[in-house]
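Chains A and B are the protein sequences, given in the same order.
Mind the numbering: the first sequence is residues 1 to 221 in our numbering, read in order.
Mind the numbering: the second sequence is residues 222 to 448 in our numbering, read in order.
C-beta atoms are modelled at their ideal positions from N, C-alpha and C, and glycine is treated no differently.
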Amino acid sequence: MSFLEVLDAKGWYFLTTLLGGWPETVTVALGALIFALIFGLLVALMRISRWRALRYPAIAYLEIFRGTPALVQLFVIYFGFPDIGFEPSPFQAAIVGLGLNGAAYLSEVYRAGIESIHRGQMEAALSLGMTPARALQYIVLPQAIRTMLPPITNFAIILLKDTALVFAIGVVEIMALARNLVTETLQSAAVYLIAGGIYLCVTIPMARLAAGLERQRQAWH
Amino acid sequence: MLELPAIYAENIHRWLPELLYYSLTTLKIASVSFLLAVAVGIFFAVCRTSGSRLLRGFAVVYIEVARGLPIVVLLYIVYFVPPQLFPGLNWQWFSDFTGAVIGLALHGGAILAEVFRSGIEALHKGQREAALTLGMTPAQSMTYIVFPQAARIVLPPAANYAIGLLKDTSLCSLIGVNELMNDAKSIAFSDYQPMAVFVLVAGIYFAMSYPLSLAVRTLEWRLNVSR
Numbered sequence: 001m002s003f004l005e006v007l008d009a010k011g012w013y014f015l016t017t018l019l020g021g022w023p024e025t026v027t028v029a030l031g032a033l034i035f036a037l038i039f040g041l042l043v044a045l046m047r048i049s050r051w052r053a054l055r056y057p058a059i060a061y062l063e064i065f066r067g068t069p070a071l072v073q074l075f076v077i078y079f080g081f082p083d084i085g086f087e088p089s090p091f092q093a094a095i096v097g098l099g100l101n102g103a104a105y106l107s108e109v110y111r112a113g114i115e116s117i118h119r120g121q122m123e124a125a126l127s128l129g130m131t132p133a134r135a136l137q138y139i140v141l142p143q144a145i146r147t148m149l150p151p152i153t154n155f156a157i158i159l160l161k162d163t164a165l166v167f168a169i170g171v172v173e174i175m176a177l178a179r180n181l182v183t184e185t186l187q188s189a190a191v192y193l194i195a196g197g198i199y200l201c202v203t204i205p206m207a208r209l210a211a212g213l214e215r216q217r218q219a220w221h
Numbered sequence: 222m223l224e225l226p227a228i229y230a231e232n233i234h235r236w237l238p239e240l241l242y243y244s245l246t247t248l249k250i251a252s253v254s255f256l257l258a259v260a261v262g263i264f265f266a267v268c269r270t271s272g273s274r275l276l277r278g279f280a281v282v283y284i285e286v287a288r289g290l291p292i293v294v295l296l297y298i299v300y301f302v303p304p305q306l307f308p309g310l311n312w313q314w315f316s317d318f319t320g321a322v323i324g325l326a327l328h329g330g331a332i333l334a335e336v337f338r339s340g341i342e343a344l345h346k347g348q349r350e351a352a353l354t355l356g357m358t359p360a361q362s363m364t365y366i367v368f369p370q371a372a373r374i375v376l377p378p379a380a381n382y383a384i385g386l387l388k389d390t391s392l393c394s395l396i397g398v399n400e401l402m403n404d405a406k407s408i409a410f411s412d413y414q415p416m417a418v419f420v421l422v423a424g425i426y427f428a429m430s431y432p433l434s435l436a437v438r439t440l441e442w443r444l445n446v447s448r
């Protein structure tokens, strides 16, 4: 059977089967996004803190997670943690692994966003009697959001693409289903091209959105 | 409780030489695909900034697709799809290593094309024209005027890409290339020591990427004239 005949005969079956992995892909991506958004902020705040006891662990964390591949991090968590008494499910390991990896990326985005706000804003808020935490919450972060929105959108795209790794620790998402389909039908060309198409249908519009947000932000300035 | 130091004391003389041997493959994949990615990147950056609409459109489509695909998916497509699309050709030469290098280079080419484009576009045409007017040869104007300015824009992101690439080579294990990650998997599961082996491997990747990232930071600092 030629490639086009395969597409004609099996294309719809391949597409619907692969789309069955979409909920898992989205769950891992969203879970890791939320994890990274929260944990990344914490790391960013530690990183810009005046106290070494907070700053140094944050720096160590950043260097380690940016200096090693995400796949290795996922393997340490999924296959390694049982050795020290935790047995995460593939889902938990995927969300925590990609979340920790992403928090290292996001914390730099947060830091750049916070540092883009003029010092005087913070000083003014403090002199009005706000606590540092309140000044951050009500004065600095709301303004920094504008700067941070485009890179956060870009991060969401990276995260969505990184979910294609988690089949390696047993999460049954799109790529895992694609591999199963290839084992079942041996039609690797059609299956992997359709899988690629599915990712592109989401990542390209998201990239356009991020570029649009960035243009909008620059127009504000 | 896991006694990592004891495990390492007992096994490291077997594990480390083997892992270091396979990290040479990792370095080989990274360096070959980096060089290839630079070539692909220059080609598409030139297309992307050319006067021809057709070439520009071609470059835009390539860049969007190669950047929109997860690297793993790109590797699977490059390695598994062509032999099935063109079964008549001879695919003997197309090893997993070749597939990995081409896949990574296609992904990197798209990233570097955008980096090189920003370098090309940031330079005002007048610079080159002024150099030529002053009597420099085109080669001199390239060496002394254009390149030093473009390098300042291009080198830091290109070097950052190289660090990312070094880590991304671990994905080649998923299409079966025998590199550091794949070897780590086989040791970890045959010796039943996943934690110890994967932490050790993380350390090896870190030892390769951290000096690079320190070098990039120094480079960024030195190239930043506005400091």
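Check: What three-state label does DSSP hand A:Leu128 in the structure shown?
Finding: DSSP places A:Leu128 in coil when its eight states are reduced to three.
Check: How about the segment 402 to 418 of chain B and the segment 224 to 235 of chain B: do they share at least three Cβ pairs that are nearer than 8 Å?
Finding: yes
Margin query: To the nearest angstrom, how far is the alpha carbon of B:Leu276 from that of B:Ala331?
Written below: So the two alpha carbons sit approximately 15 Å from each other.
Margin query: Relative to the C-alpha of B:Ala260, which candidate in B:Leu241, B:Ala326 and B:Leu223 has its C-alpha closest?
Written below: B:Ala326
Next item on the list: Report the three-state DSSP secondary structure of B:His328 (helix, strand or coil).
Entry: helix
Checklist line | C-alpha distance - B:His328 paired with A:Tyr138, whole-angstrom precision | finding: 41 Å
Notebook entry, point to check: Taking Cβ positions, are A:Thr68 and B:Phe427 nearer each other than 8 Å?
Noted result: yes
Check: Which same chain residues, not among the five before or five after B:Gln361, have their C-beta less than 8 Å away from its C-beta?
Finding: Ala352
Check: Nearest chain B C-beta to A:Ser251 closer than 8 Å, yes or no?
Finding: Because chain A in this structure spans residues 1 to 221, residue 251 of chain A falls outside the shown range and cannot be described.
Next item on the list: Go ahead and pull the three-state DSSP assignment for B:Gln313.
Entry: coil
Next item on the list: Ignore the nearest five residues each way along the sequence and tell me which others in B:Ile250's own chain have a CB closer than 8 Å to its CB.
Entry: Here B:Ile250 has Phe318, Ala321, Val322, Leu325, Thr390, Cys393, Val398 and Glu400 as same chain residues with Cβ atoms under 8 Å from its own Cβ, once five neighbours each way along the sequence are excluded.
Notebook entry, point to check: Taking the C-alpha atoms as reference points, what is the distance between B:Pro432 and A:Gly31?
Noted result: 32 Å
Check: Is the Cβ-Cβ distance between B:Ala343 and B:Leu440 less than 8 Å?
Finding: no
Item checked: alpha helix (DSSP H) segment containing B:Tyr300, residue limits -> Ile292 to Leu306
Next item on the list: Look up B:His234 in the DSSP assignment and say whether it is helix, strand or coil.
Entry: helix
Next item on the list: Return the residue from the list B:Pro308, B:Ala287, B:Leu306 and B:Gly356 that minimises the CA-CA distance to A:Leu200.
Entry: B:Ala287
Notebook entry, point to check: Just by C-beta distance, which residues in the segment 187 to 209 of chain A are closer than 8 Å to chain B?
Noted result: Under the 8 Å Cβ criterion, the segment 187 to 209 of chain A contributes Gln187, Ser188, Ala189, Tyr192, Leu193, Ala195, Gly196, Tyr199, Leu200, Thr203, Ile204 and Ala207.
Next item on the list: Output yes or no for whether 8 Å exceeds the beta carbon distance between A:Ala29 and A:Leu165.
Entry: no
Next item on the list: To the nearest angstrom, report how far apart A:Ala44 and B:Ile366 are at their CA atoms.
Entry: 40 Å
Note to self: One question on the structure: do B:Val282 and A:Ala189 come within less than 8 Å of each other, judged by their Cβ atoms?
What the structure shows: no
Note to self: Going residue by residue through the segment 76 to 156 of chain A, where are the continuous alpha helix (DSSP H) segments of at least 4 residues, counting only ones entirely within it?
What the structure shows: Here the runs fully enclosed are 90 to 116, 119 to 127 and 132 to 135.
Notebook entry, point to check: So is A:Pro23 buried or exposed if we call it buried at 16+ other beta carbons inside 10 Å?
Noted result: Residue burial annotation: A:Pro23 is exposed, with fewer than 16 other C-beta atoms found within 10 angstroms of its C-beta.
Notebook entry, point to check: According to DSSP, is A:Trp51 helix, strand or coil?
Noted result: coil
Next item on the list: Find the residues of chain A that neighbour B:Ile291, judging by a C-beta separation of less than 9 Å, and give them in chain order.
Entry: Strictly speaking, residue 291 of chain B in this sequence is Pro, with Ile absent from that position. Listed along chain A are Leu160, Lys161, Asp162, Thr163, Ala164, Leu165, Met175, Gly196, Tyr199 and Thr203, each with a C-beta nearer than 9 Å to that of B:Pro291.
Checklist line | Closer than 8 Å to chain B by CB, A:Leu100 | finding: no
Checklist line | Residues of the segment 371 to 394 of chain B with Cβ closer than 9 Å to any Cβ of chain A, in chain order | finding: Ile384, Leu387, Lys388, Asp389, Thr390, Ser391, Leu392 and Ser394
Check: Which residues in the same chain as A:Val202 place their Cβ atom closer than 7 Å to its Cβ, once the five residues preceding and following it in sequence are excluded?
Finding: Leu160
Next item on the list: Taking A:Ala168 as the query, report the chain B residues whose CB atoms sit under 8 Å from its CB, ordered along the chain.
Entry: Leu395
Margin query: Can you confirm whether A:Phe79, when its beta carbon is compared against all beta carbons of chain B, has any partner nearer than 8 Å?
Written below: True, the Cβ-Cβ gap to chain B drops below 8 Å.
Note to self: Against B:Leu223, what residues of chain A qualify as contacts under a CB-to-CB distance less than 8 Å, listed in chain order?
What the structure shows: Asp83 and Ile84
Check: Considering only C-alpha positions, which residue in the set A:Leu193, A:Phe35, A:Glu108 and A:Met206 is nearest to B:Leu296?
Finding: A:Leu193
Next item on the list: Return no unless some Cβ of chain A is closer than 8 Å to the Cβ of B:Gln535.
Entry: A question about residue 535 of chain B goes unanswered here, because the residues of chain B that appear run from 222 up to 448.
Check: Taking 8 Å as the CB-CB cut-off, is A:Leu18 touching chain B?
Finding: Residue-level contact check: A:Leu18 does not touch chain B, since none of the beta carbons of chain B fall below 8 Å from its beta carbon.
Check: Rounded C-beta distance between B:Leu444 and B:Leu376? I'm assuming under 8 Å.
Finding: The pair is a contact, with the Cβ atoms about 6 Å apart (cut-off 8 Å).
Next item on the list: Count the CB pairs spanning the segment 7 to 27 of chain A and the segment 133 to 152 of chain A that are closer than 8 Å, and state whether there are at least three.
Entry: no
Check: Hey, does A:Pro69 have any beta-carbon neighbour from chain B nearer than 8 Å?
Finding: yes
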